[in-house]
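Student: For the sequence shown, full-length UniProt numbering begins at 1 and goes up steadily by one. Built from N, CA and C at the ideal position, the CB exists for glycine as well. Sharing a structure, written as structure tokens. Questions coming.
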Amino acid sequence: MSRRTDDGDGSRTRAAGTGARALGTAGLAVTAAGLLANGLAYLAPVLAARQLGSADLSALATTLGLIAIASVPGFGLQLAVAVHHAKHGHTDTHRATLLTAALCGSALIVATPLLIATLRLPAEALLLSAVTTAAIVVSCRTLGELQGGQRFVRLAIAMGLLAAGRYGGVLVGLLLGAGLTGSLLLGAVTAALTPIGLAALTRTADPATTSAAPPLEAGRIVTGCAAMLAMLVVSYVDLFLARQLLSADDSGAYAVGTVLTKGALWAPQVATVLALPRLAQEDRFSRTVALAVTVGCGALLILGSTLAGDLAFRLAGGPHYTHLGTFAPLFAAVGALYAVVFVLLNGAVATGVRWPAAPLWIGSVLLAAVTLSITPRTIAGLLWPTLGAAMVTTLAMAVRTWASTPARSGRSDPAPRTAPDRG
Numbered sequence: 001m002s003r004r005t006d007d008g009d010g011s012r013t014r015a016a017g018t019g020a021r022a023l024g025t026a027g028l029a030v031t032a033a034g035l036l037a038n039g040l041a042y043l044a045p046v047l048a049a050r051q052l053g054s055a056d057l058s059a060l061a062t063t064l065g066l067i068a069i070a071s072v073p074g075f076g077l078q079l080a081v082a083v084h085h086a087k088h089g090h091t092d093t094h095r096a097t098l099l100t101a102a103l104c105g106s107a108l109i110v111a112t113p114l115l116i117a118t119l120r121l122p123a124e125a126l127l128l129s130a131v132t133t134a135a136i137v138v139s140c141r142t143l144g145e146l147q148g149g150q151r152f153v154r155l156a157i158a159m160g161l162l163a164a165g166r167y168g169g170v171l172v173g174l175l176l177g178a179g180l181t182g183s184l185l186l187g188a189v190t191a192a193l194t195p196i197g198l199a200a201l202t203r204t205a206d207p208a209t210t211s212a213a214p215p216l217e218a219g220r221i222v223t224g225c226a227a228m229l230a231m232l233v234v235s236y237v238d239l240f241l242a243r244q245l246l247s248a249d250d251s252g253a254y255a256v257g258t259v260l261t262k263g264a265l266w267a268p269q270v271a272t273v274l275a276l277p278r279l280a281q282e283d284r285f286s287r288t289v290a291l292a293v294t295v296g297c298g299a300l301l302i303l304g305s306t307l308a309g310d311l312a313f314r315l316a317g318g319p320h321y322t323h324l325g326t327f328a329p330l331f332a333a334v335g336a337l338y339a340v341v342f343v344l345l346n347g348a349v350a351t352g353v354r355w356p357a358a359p360l361w362i363g364s365v366l367l368a369a370v371t372l373s374i375t376p377r378t379i380a381g382l383l384w385p386t387l388g389a390a391m392v393t394t395l396a397m398a399v400r401t402w403a404s405t406p407a408r409s410g411r412s413d414p415a416p417r418t419a420p421d422r423g
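Dropping the structure here:
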């Protein structure tokens with residue numbers, strides 16, 4: 001009896017160790033993929049500034065921004081597919097994917113006359129951006145399937161391939177001196193080829209197996225899209241307000257500060273990526289771990305920016321902005337709070353909470369109303385209300401999460417834990 005018990009304990013210990021190593025490998029892989037994607041996104045405008053004239057540089061930056069906005073529904077699709085896959089297993093989502101991609105690409109095409117008139121962009125740039133946008137949306141389905149299936153290493157590879165397809169062609173075009181249209185054309189080609197390469201990553205060991213899972217409902221996709229759009233809005237609304245309310249110099253300085261906000265917001269993103277499949281199964285332990293990692297990361301970044309605020313601004317914008325170092329912990333705190341909101345928002349979408357992004361929309365509207373009507377038009381006058389809006393939004397999300405979590409007697413009973421797939 002004693003020997004059998006010891007063997008069982010040893011097996012459980014080895015299994016736990018294997019699971020921890022697999023999770024660590026997955027976390028490192030996803031983090032590296034995220035750094036690659038952000039690095040390529042940063043490199044495109046930097047290289048363009050050296051290869052294009054000012055007019056074409058502005059047009060390229062604006063076009064890439066339009067692609068980023070128009071492809072937000074793709075990441076909402078990824079969220080919806082990941083949650084559905086985690087709950088029900090593999091199901092056919094090709095039709096929903098193609099419809100979402102067609103809507104996103106068509107929206108840019110329909111808006112082309114308006115965008116030409118208001119943003120002074122060439123028609124060919126907008127048409128090519130529609131192709132790139134549709135390809136990104138199609139690729140996001142693969143990311144959702146891999147994330148929902150906890151195939152995190154393959155997810156990291158897919159994230160890297162998508163980043164390369166999204167920006168690689170543009171970068172090659174710039175290096176070859178292809179100009180604005182030529183670079184966007186190469187970018188559209190590499191983006192269109194990306195879904196083909198990603199298809200190999202989702203092949204299962206038994207592709208002939210049929211699934212009895214229910215189809216992915218359109219409402220779930222809409223909810224995921226609204227959630228991702230809300231996160232985009234809350235992460236940029238203060239920057240838009242700064243552009244509207246502050247002087248040119250103060251607006252530029254505020255933009256440098258938001259670099260710290262974005263860093264604190266996305267630095268712990270890997271915790272949410274890894275936890276989402278468990279959140280879909282209402283595993284409160286995984287939610288607690290994801291929140292603990294996110295809060296800990298945010299606390300470290302706030303502490304670091306408090307101790308080295310001048311250095312943080314120097315790295316973000318250069319020596320001309322070091323006098324704003326006292327604001328560094330405030331910018332970092334805004335990002336850290338919204339990182340917590342991101343975890344709670346993903347959990348709300350995963351568990352089917354109604355109107356999961358409502359607190360984010362309300363917080364953004366309140367921030368705009370306060371800053372437009374009451375606060376002084378200075379960096380501090382905008383930053384303090386922004387921090388207040390982040391605190392209120394985080395509190396509202398936390399209260400709703402607590403209220404929507406069913407009471408359970410004793411210890412929570414999460415879904416059976418399996419080690420993440422190394423492949």
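Would you tell me roughly how many angstroms separate the C-alpha atoms of L51 and A178, rounded to the nearest one?
Tutor: Position 51 of the sequence shown, counting from 1, holds the residue named residue 51. Position 178 of the sequence shown, counting from 1, holds the residue named residue 178. As written in the sequence, residue 51 is Gln, which differs from the Leu given in the question. C-alpha separation (whole angstroms): 9 Å.
Student: For residue 443, I'd like the list of residues in its chain whose CB is within less than 6 Å of its CB, leaving aside the five on either flank, ordered along the chain.
Tutor: Outside the modelled stretch of the chain, which goes from 1 to 423, sits residue 443, for which no answer is possible.
Student: DSSP state of G149, grouped into three classes?
Tutor: Stepping through the sequence shown from its first residue, residue 149 is reached at position 149. Coil.
Student: Check for me: the alpha helix (DSSP H) holding G219 runs from which residue to which?
Tutor: Against the sequence shown, residue 219 aligns to sequence position 219. Looking at the DSSP string, the run of the alpha helix (DSSP H) that includes G219 is A218 to L245.
Student: Kindly list the residues whose CB is nearer than 7 Å to the CB of A389, restricted to its own chain and excluding five residues on each side of it in sequence; keep chain order.
Tutor: For the purposes of this step, residue 389 is taken as residue 389 along the sequence shown, with counting starting at 1. Hits under 7 Å: G363, L366 and L367.
Student: Tell me the residue span of the alpha helix (DSSP H) that contains H85.
Tutor: Position 85 of the sequence shown holds residue 85. Run containing H85: V72 to H88, per the alpha helix (DSSP H) assignment.
Student: Compute the distance between the beta-carbons of L216 and T93, then report whether it is under 8 Å.
Tutor: If you number the sequence shown from 1, residue 216 lands on position 216. If you number the sequence shown from 1, residue 93 lands on position 93. Going by C-beta atoms, L216 is nearer than 8 Å to T93.
Student: Tell me which same chain residues have a C-beta within less than 6 Å of the C-beta of I109, skipping the five on either side of it?
Tutor: The residue you call residue 109 lines up with position 109 of the sequence shown. Closer than 6 Å at the Cβ level, and outside the excluded window around I109, lie A130.
Student: Under 8 Å by Cβ, that's how I've got A26 and F152 pegged, so tell me the actual separation to the nearest angstrom.
Tutor: Position 26 of the sequence shown holds residue 26. Position 152 of the sequence shown holds residue 152. Indeed, because the Cβ distance is near 3 Å, the residues count as touching under 8 Å.
Student: Put P195 into one of helix, strand or coil per three-state DSSP.
Tutor: To locate residue 195, count along the sequence shown from 1; it is residue 195. Three-state DSSP puts P195 in a helix.
Student: How about I379: is its C-beta nearer than 8 Å to some C-beta of chain B?
Tutor: The chain labelled as chain B is not found in the depicted structure, where only one protein chain is given.
Student: Could you tell me if D249 is buried or exposed, where buried requires 16 or more neighbouring beta carbons within 10 angstroms of its beta carbon?
Tutor: Taking the sequence shown and counting its residues from 1, one reaches residue 249 at position 249. Burial call: exposed.
Student: Does the distance from the C-beta atom of T294 to that of A271 stay below 8 Å?
Tutor: In the sequence shown, residue 294 corresponds to position 294, counting from 1. In the sequence shown, residue 271 corresponds to position 271, counting from 1. Contact: yes.
Student: Using the C-alpha atoms, what's the distance from L57 back to residue 440?
Tutor: What the structure shows of the chain is the stretch from 1 to 423, and residue 440 is not part of that stretch, so it cannot be assessed.
Student: Please name the residue in G165, A369 and M391 whose C-alpha comes closest to that of A339.
Tutor: For the purposes of this step, residue 339 is identified with residue 339 of the sequence shown, where counting begins at 1. If we check each option's Cα against that of A339, M391 comes out closest.
Student: Please report how far the alpha carbon of F240 lies from the alpha carbon of A82, in whole angstroms.
Tutor: Reading the sequence shown from its first residue, position 240 is the one you call residue 240. Reading the sequence shown from its first residue, position 82 is the one you call residue 82. Cα-Cα distance, rounded: 31 Å.
Student: Only counting the same chain, and skipping five residues up and downstream in sequence, which positions put a Cβ closer than 8 Å to that of L175?
Tutor: Within the sequence shown, the letter at position 175 stands for residue 175. Same-chain partners within the cutoff: L47 and Q51.
Student: When we look at the beta-carbon of T118 and count the other beta-carbons within 10 Å, is it buried (16 or more) or exposed?
Tutor: Taking the first residue of the sequence shown as 1, we reach residue 118 at position 118. Looking at its Cβ environment, which holds fewer than 16 other Cβ atoms inside 10 Å, T118 is exposed.
Student: Between Q78 and the rest of its own chain, which residues show a CB-CB distance below 6 Å, the 5 nearest in sequence each way excluded?
Tutor: For the purposes of this step, residue 78 is taken as residue 78 along the sequence shown, with counting starting at 1. Same-chain partners within the cutoff: C140, L143 and G144.
Student: Three Cβ pairs or more, each shorter than 8 Å: is that satisfied between the stretch 61-75 and the stretch 221-239?
Tutor: Short answer: they touch.
Student: Given A403, which residues of its chain have a CB within under 8 Å of its CB, disregarding the five upstream and five downstream residues?
Tutor: For this step, residue 403 is matched to residue 403 along the sequence shown. Counting only Cβ-Cβ distances below 8 Å, and skipping sequence neighbours, we find nothing.
Student: Between the alpha carbons of P207 and H90, how many angstroms are there, rounded?
Tutor: Within the sequence shown, the letter at position 207 stands for residue 207. Within the sequence shown, the letter at position 90 stands for residue 90. Residue placement at P207 is poorly supported in this model, since its pLDDT is 48, which falls under 50; the coordinates still yield a value, given next. Going by the C-alpha atoms only, they are around 10 Å apart.
Student: Can you name, in chain order, every residue of its own chain whose Cβ lies under 6 Å from the Cβ of G165, other than the five neighbours on each side?
Tutor: Locating residue 165 in the sequence shown gives position 165, counting from the first residue. Cβ within range, chain order: T190, A191 and T194.
Student: Is A348 closer than 8 Å to G160 when the C-beta atoms are compared?
Tutor: Translated into positions along the sequence shown, residue 160 becomes position 160. Translated into positions along the sequence shown, residue 348 becomes position 348. No.
Student: Could you check which residue in P376, A86, G219 and L103 has the C-alpha nearest to that of D283?
Tutor: Locating residue 283 in the sequence shown gives position 283, where the first residue counts as 1. For D283, the nearest C-alpha among the options comes from A86.
Student: Anyone know if the C-beta pair for F327 and I379 falls short of 8 Å?
Tutor: Counted from its first residue, the sequence shown places residue 327 at position 327. Counted from its first residue, the sequence shown places residue 379 at position 379. It is a contact, given that the beta carbons lie within the stated cut-off.
Student: For a test of the three-state rule: what should DSSP assign to W402, helix, strand or coil?
Tutor: In the sequence shown, residue 402 corresponds to position 402, counting from 1. If DSSP states are grouped into helix, strand and coil, W402 belongs with the helices.
Student: Let me make sure I understand the geometry here. Which of T202, A199 and V172 has the alpha-carbon closest to that of A188?
Tutor: Residue 188 sits at position 188 when you count from the first residue of the sequence shown. Checked all of T202, A199 and V172; the closest Cα to A188 is V172.
Student: When the distance is taken between beta carbons, is L184 closer than 8 Å to residue 447?
Tutor: What the structure shows of the chain is the stretch from 1 to 423, and residue 447 is not part of that stretch, so it cannot be assessed.
Student: What is the rounded straight-line gap between the Cα of L387 and the Cα of T112?
Tutor: Position 387 of the sequence shown, counted from the start, is the residue given in the question as residue 387. Position 112 of the sequence shown, counted from the start, is the residue given in the question as residue 112. Rounded to the nearest angstrom, the two C-alpha atoms are 37 Å apart.
Student: According to the Cβ coordinates, are T405 and G335 closer than 8 Å?
Tutor: Within the sequence shown, residue 405 is the residue found at index 405, counting from 1. Within the sequence shown, residue 335 is the residue found at index 335, counting from 1. No. Outside cutoff.
Student: Can you tell me which of A59, W384, I221 and R120 puts its alpha carbon nearest to the alpha carbon of V370?
Tutor: The count along the sequence shown starts at 1 and reaches residue 370 at position 370. Answer by Cα proximity: W384.
Student: How far does the alpha helix (DSSP H) with V353 in it reach, from first residue to last?
Tutor: The residue labelled residue 353 in the question sits at position 353 within the sequence shown. Counting along the chain, V353 falls outside any alpha helix (DSSP H), and DSSP gives it neither H nor E.
Student: If you check the beta carbons only, do L360 and V341 fall under 8 Å apart?
Tutor: Translated into positions along the sequence shown, residue 360 becomes position 360. Translated into positions along the sequence shown, residue 341 becomes position 341. Closer than 8 Å, so yes.
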